[in-house]
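Trainee: Line by line, the protein sequences give chains A and B.
With the working numbering as the guide, the letters of the first sequence map in order to residues 984 to 1134.
With the working numbering as the guide, the letters of the second sequence map in order to residues 7 to 401.
Where a beta carbon is used, it is the ideal one built from N, C-alpha and C, also for glycine.
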Amino acid sequence: MSDNFYLPPGLPIPVPERNGLSAPYWHAAREGVLKVQRNPRTGVYQWPAQWICHDDQGFDIDWVEVEPKGVIYSWTRVWHPVHPALKDHGPYIVVVVELPHAGKVRMLGNLLGDPRQEVVIGAPVEAVFEHHNDADPPFTLVQWRYADGAR
Amino acid sequence: MTRRSLRGEVAVAGVGETTYYRHGQSPDPEMVLCLKAILAAAADAGIDPRDIDGFASYSNDRNEPAVLATALGTHELRFANMQWGGGGGGGAGAMANASAAIATGLADCVVVYRALAQGQFGRFGQGARAATLSGDNALTNPYGQMSPAQYYAPKAVRFMHEHGIGQEALRAIAMASYHHAQANPRAVMYGRPLTEQGYDDSRWITEPFHLFDCCMENDGAAAIILVSAERAKDLKQTPTYVLGAAIGAGYRVHSTQAGFATPDLASSHFKTVARHLYEMAKVGPKDVDVVQCYENFTGGVLMSLVEHGFFEPEEAMDFLKLENLIAPTGKMPLNTSGGNLAECYMHGLELQIEAVRQVRGQSTSQVPKVDVSLAVAGPMVTPVSTIIFGSEASL
């Protein structure tokens, strides 16, 4: 099962805050859906989740589904492990992905595939929902891979 | 209209530090390190340590003013200040807060201090061990993004991508620190020179940062005592004046963990702050004689120098050459004590001290005739902070 995961088990499990601020994101990810916040009055997107819309200071905020695709905005390839679960694992790629169709909000994830592959800023990527169903509690990570034809 | 400025109002009376140790090597508890640094600064200033009436620090230093004042026998406590957030980004901010307290009459003699015994507490460079995480940490740690180097690397990668900057620029920054550390017996890396080959052959921590692009983790403490400009004239050391200081960040700079979402990702976040700094100091980048610029990671130095106006991004590859960055001959001597990379990671307070020593003429890599001395605190965080010191002639 863990063969399907980009990183080995044992890293911290993401859970919504006790106050539930990001819960819609995490619940949607379990269903294979990508959601971010949007101001219902102005259409301005924001991510990560906030209690208030940064553009008009309204507390009424929508959670909207967005197409799970983006472009690589930046990246790093990590070589030095700083967590016991990653010791001896070898390098892995972290990408910052921008979603041009959702107000250019950015997300972070791993770039699936060969950890030594070239990372191309500006290349289109699509989300892969990595379901950790056996974790306690179960969770889903939004991961990224080069879009078909991009590489 | 009343002029609101720190310029020339406040001066550094004394500086001090403990022996600097590799992390885990301090024989003293962290609070003892802190007390020793404060006493060293008081001795340097030639004042009775009990006359210190204010304490200012940053990054949630574990040594609270109430505890220090009680331990030191402080006659009267009048100012206890913590600069919020930003980790090492608060170093110049604590100096600014202390200066503001003196300039406005809240206190007369304020010590800025930072003590770190990473061997006795958690290390900065390690990931969280929690079973579950939420908030911004949940958006990063499960992807193996959990240390400062990892958080900041994409900022440098994007900046270098946008402006065609190569690894050689980062290497020159690292080598400048190591070069200067070889003249500084206080430096943890004294006697450990770094060559281009040594840099190139060093392992990656996280691209674009090699081992030598990353600050050390150390044990020790540092302290700086500030008084009014008037009082400083009667004290032991040649006064080093605060010309200007500024704290802050630009538009919607997220936490370190959620830094990926910051609109201006490829930034050290000094664009607005440096403007305020120069306005208050009434100098520009061309007037600066020597620069201390916090190296959490060399990529942050690169962006900070650009944002302080020393060169355009497109000039970085020409400007960031070792010969330009070393004292006494370089056109912009940088990190002349060895800084966070090679003197000691005292969360940048050692850089503030070095900026003062340059004005006094007491550096181990002295730049000839320093009138304007810049010390930039930790970049890429929020809030950041930055300060300019000057000689009597600069006023």
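1) Quick one: which chain B residues come within Cβ less than 8 Å of I996(A)?
2) Determine the closest residue to H275(B) out of A255(B), P291(B), K288(B), with distance taken between C-alpha atoms.
3) In chain order, what residues of the same chain lie with their CB nearer than 6 Å to the CB of Q188(B), ignoring the 5 residues before and after it?
4) For the beta strand (DSSP E) holding W210(B), just list the boundary residues, first then last.
5) Provide the residue span of the alpha helix (DSSP H) that contains T278(B), from first to last.
6) Taking the alpha-carbon of A1006(A) as reference, which of H1066(A), Q1020(A), N987(A) has the nearest alpha-carbon?
7) Please report how far the alpha carbon of Q243(B) lies from the alpha carbon of R363(B), in whole angstroms.
8) Verify the CB distance criterion: does V387(B) have a CB-CB separation below 7 Å to chain A?
9) What do you get for I1035(A), buried or exposed, if any count of 16 or more other CB atoms within 10 angstroms of its CB means buried?
10) Establish whether the CB of L1124(A) and some CB of chain B are separated by less than 7 Å.
11) Name, please, each residue of chain B whose Cβ falls closer than 9 Å to the Cβ of Y1056(A).
12) Who are the Cβ neighbours of P374(B) in its own chain at under 6 Å, not counting the five residues just before and after it?
13) Could you work out which residues of chain A lie near D142(B), taking near to mean beta carbons separated by less than 7 Å?
14) Can you find a C-beta in chain A that's less than 7 Å from the C-beta of A134(B)?
15) If you compare alpha carbons, which of Q1029(A), G1026(A), V998(A) is closest to G141(B)?
16) Could you tell me which chain B residues have their CB closer than 8 Å to the CB of P1007(A), listed as they occur along the chain?
17) Please list the partners that R192(B) has in chain A, where partner means a Cβ-to-Cβ separation under 9 Å.
18) Looking at C-alpha atoms only, which residue of A144(B), A123(B), V163(B), G79(B) is the closest neighbour of M309(B)?
19) So, is D34(B) buried or exposed, given that buried needs 16 or more other C-beta atoms within 10 angstroms?
20) Once the 5 residues before and after L78(B) are set aside, which same chain residues still bring their CB inside 6 Å of it?
21) Can you check which of these residues, G92(B), E36(B), A100(B), is closest to N69(B) by C-alpha distance?
22) Would you kindly report the start and end of the unbroken beta strand (DSSP E) that includes V259(B)?
23) Would a C-beta distance cut-off of 7 Å place E174(B) and Y351(B) closer than the cut-off?
24) Is there at least one Cβ from chain A nearer than 7 Å to L145(B)'s Cβ?
25) How many angstroms separate the CA atom of V18(B) from the CA atom of D67(B)?
26) Using beta carbons (cut-off 7 Å, strictly below), is I1104(A) in contact with chain B?
27) From what residue to what residue does the beta strand (DSSP E) around T304(B) run?
28) For A399(B), does the count of other Cβ atoms within 10 angstroms reach 16, so buried, or fall short, so exposed?
29) Spatial neighbours of D57(B) within its chain, please: CB distance less than 6 Å, with the 5 preceding and 5 following residues excluded, ordered by chain position.
30) Using the Cβ count rule (16 or more neighbours within 10 Å means buried), how would you classify D1038(A)?
31) Does the beta carbon of M984(A) sit closer than 7 Å to a beta carbon anywhere in chain B?
32) Could you pull out every residue in the same chain whose Cβ sits closer than 6 Å to the Cβ of Y158(B), ignoring the five residues on either side in sequence?
33) I'd like the list of long-range same chain contacts for L994(A), defined as Cβ closer than 8 Å, with 5 residues on each side in sequence excluded.
34) S153(B): which of F130(B), G172(B), P160(B), A136(B) sits nearest, CA to CA?
35) Note down the Cα distance separating G133(B) from N147(B), rounded to an integer number of angstroms.
36) Got a sec: is the Cβ-Cβ distance from I211(B) to anything in chain A below 7 Å?
Mentor: In short:
1) Close to I996(A), with beta-carbon spacing below 8 Å, are these residues of chain B in chain order: A137, T138, L139, P148.
2) Of the residues A255(B), P291(B), K288(B), the one whose Cα lies closest to the Cα of H275(B) is A255(B).
3) If we look at Q188(B) and ignore the five residues flanking it on each side, its Cβ neighbours are P199.
4) Residues 210-212.
5) First-last of the alpha helix (DSSP H) with T278(B): 277-287.
6) That would be Q1020(A), whose Cα lies nearest to the Cα of A1006(A).
7) Those two C-alpha atoms are separated by around 10 Å.
8) No, its Cβ sits nowhere closer than 7 Å to a Cβ of chain A.
9) Looking at its Cβ environment, which holds fewer than 16 other Cβ atoms inside 10 Å, I1035(A) is exposed.
10) It does; some Cβ of chain B falls within 7 Å.
11) Under a criterion of Cβ atoms nearer than 9 Å, the residues of chain B adjacent to Y1056(A) are, in order, P160, R164, F266, L271.
12) Here the set comprises P334.
13) Those are P1031, listed as they occur along chain A.
14) A134(B) belongs to the set of residues whose beta carbon lies under 7 Å from a beta carbon in chain A.
15) Of Q1029(A), G1026(A), V998(A), the residue nearest in Cα terms is V998(A).
16) Those do not exist, as P1007(A) stays about 13 Å from chain B at its closest Cβ, beyond 8 Å.
17) Within 9 Å Cβ-Cβ: nothing; R192(B) doesn't reach chain A, min ~27 Å.
18) Among A144(B), A123(B), V163(B), G79(B), the Cα nearest to that of M309(B) is on V163(B).
19) Its Cβ being crowded by 16 or more others within 10 Å, D34(B) is buried.
20) Contacts found: P55.
21) The candidate whose alpha carbon is nearest that of N69(B) is E36(B).
22) Run containing V259(B): none; DSSP gives neither H nor E here.
23) Contact annotation: E174(B) and Y351(B) have beta-carbon atoms that are not nearer than 7 Å.
24) So, interface residue.
25) Spanning the two alpha carbons is a distance of roughly 21 Å.
26) Yes, because at least one Cβ of chain B sits closer than 7 Å to the Cβ of I1104(A).
27) Element bounds for T304(B): not the beta strand (DSSP E) but the alpha helix (DSSP H), 304-313.
28) Counting Cβ neighbours within 10 Å, A399(B) comes out exposed, since fewer than 16 surround it.
29) Closer than 6 Å at the Cβ level, and outside the excluded window around D57(B), lie C115.
30) By the 10 Å Cβ count, D1038(A) comes out exposed.
31) Because the pLDDT of M984(A) is 43, which lies under 50, any placement of that residue in the model is unreliable, and the number read from its coordinates should be weighed accordingly. Judged by the 7 Å Cβ criterion, M984(A) is not in contact with chain B.
32) Setting aside the 5 residues that flank it on each side, Y158(B) is surrounded in the same chain by F303, M386, each with a C-beta closer than 6 Å to its C-beta; the list follows chain order.
33) Excluding positions up to five away in sequence, the list reads H1066, A1068, L1069.
34) Closest by C-alpha distance to S153(B), out of F130(B), G172(B), P160(B), A136(B), is F130(B).
35) Taking the straight line joining both Cα atoms gives about 8 Å.
36) Taking Cβ atoms only, chain A reaches closer than 7 Å to I211(B), which makes this a yes.
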